[in-house]
Amino acid sequence: MEARVELAEKTLCEARSSAARGGHSRAILLQLERKIHAIKRDLALLDLQFAESDDVNSEIEEKS
């Protein structure tokens, strides 16, 4: 997931540079920005699920 974020951010950076030269439309830049936001949101949700899973496992081990 982190590799996807890095790739999307690199693509966005390149697209912004190209847009400055008239190569990409604002719509393409917005699409890339939304994609990065969605990937980061998914990554944050996975981190939260992992943290909750660790908490549950710790509670189970303490009760044993």
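The sequence shown begins at 2 in my numbering and counts up by one. Beta carbons: idealized from backbone N, C-alpha and C, even for Gly.
| Check | Outcome |
| --- | --- |
| What did DSSP end up calling SER26 once you bin it into helix, strand or coil? | coil |
| According to the Cβ coordinates, are LEU30 and ALA16 closer than 8 Å? | yes |
| If you count every other CB in all the chains shown that lies within 10 Å of the CB of LEU33, and 16 or more means buried, which is it? | buried |
| I'd like the list of long-range same chain contacts for SER59, defined as Cβ closer than 7 Å, with 5 residues on each side in sequence excluded. | none |
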